[in-house]
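Asker:
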Amino acid sequence: VLTLSLCLYGLSPLPATSSPTTAVSSQETPERWIQEGRALLALGKASEALPLFEKADQLGGGKLATRMWVLRVWLETGKTNQALDAIDQLAKDNKGSELDYLYGMAFHFVAKQRIVENVGGAIIGMNFADSVTYLKNALKADSARYWDAQLALAESAWFTQELDTALNAALQ
């Protein structure tokens, strides 16, 4: 199932011609763990993806390229405040589309969480608007890498009545 998922999401498994030595060493790369974790995340298995992302982060030395996926799972599993705090820490020393992606997803999840909690006021609209801004930037930079942001952008844009943006994102 994982192999099928990897193929469906454009995340191909090791080539069949790999030697056992190559297979073992390639599995110990952060990229390999991230690919497998993203496949699980796409299947709605965030809790199962987390240990894979943590392994990637350990191998990657806690740098933004690997840490971002741990934080992405935190958002999916309701740890939005902890994730936002960690994103803010990363933003002190980093810039780029990874942060746009993380902030965009974070504001999307925060807005949805506030709806569930029946929080009133304009803050929900502000969260969705911030999500749209950040996710547009991230997707403009690398839509293939952040493919899972399309749905969040569609939902956030819908709630902010940016209907063209919502439609375009939904069709991706």
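Mapped onto our numbering, the consecutive letters of the sequence shown carry residue numbers 8 to 179. By construction, the Cβ of each residue, glycine as well, lies at the ideal position given by its N, Cα and C atoms. As the structure is a prediction and not an experimental result, all values here were calculated from the model.
(1) Could you spell out the range, first to last residue, of the alpha helix (DSSP H) harbouring Ala148?
(2) Count the other CB atoms, across all protein chains shown, that sit within 10 Å of the CB of Thr36; report buried if there are 16 or more and exposed otherwise.
(3) Relative to the C-alpha of Gly51, which candidate in Ala161, Ala72, Asp155 and Ala118 has its C-alpha closest?
(4) Going along the chain, which residues of its own chain have a beta-carbon closer than 8 Å to the beta-carbon of Phe166, five neighbours each way excluded?
(5) Between which residues of its own chain and Ala72 is the CB-CB distance below 8 Å, once the five residues before and five after are set aside?
(6) Can you have a look at Ser150 and say buried or exposed, based on whether 16 or more other CB atoms are within 10 angstroms of its CB?
(7) Which of the three DSSP states, helix, strand or coil, is assigned to Val31?
(8) Closest by CA to Asp95, which one among Thr84, Leu78 and Trp40?
(9) Could you give the DSSP three-state label for Gln179: helix, strand or coil?
(10) Among the residues of its own chain, which have a CB less than 6 Å from the CB of Leu48, if the five just before and after it don't count?
(11) Is DSSP giving Val185 helix, strand or coil here?
(12) Run through DSSP, which three-state label would Gln168 get?
(13) My output table needs one value for Thr24: the three-state DSSP class, helix, strand or coil.
Answerer: Per the coordinate set shown:
(1) Ile130 to Asp149
(2) exposed
(3) Asp155
(4) Ala118, Ile131, Gly132 and Phe135
(5) Pro37 and Glu105
(6) exposed
(7) Reliability of the predicted coordinates at Val31 is poor, the pLDDT of 44 falling under 50, and the value obtained from them is presented with this limitation in mind. Of the three classes helix, strand and coil, the one that applies to Val31 here is helix, per DSSP.
(8) Leu78
(9) coil
(10) Ala56
(11) Because the chain in this structure spans residues 8 to 179, residue 185 falls outside the shown range and cannot be described.
(12) coil
(13) Note that Thr24 scores a pLDDT of 35, beneath 50, so its modelled location is shaky; the value from the coordinates is reported in the next line. Coil at Thr24, not helix or strand.
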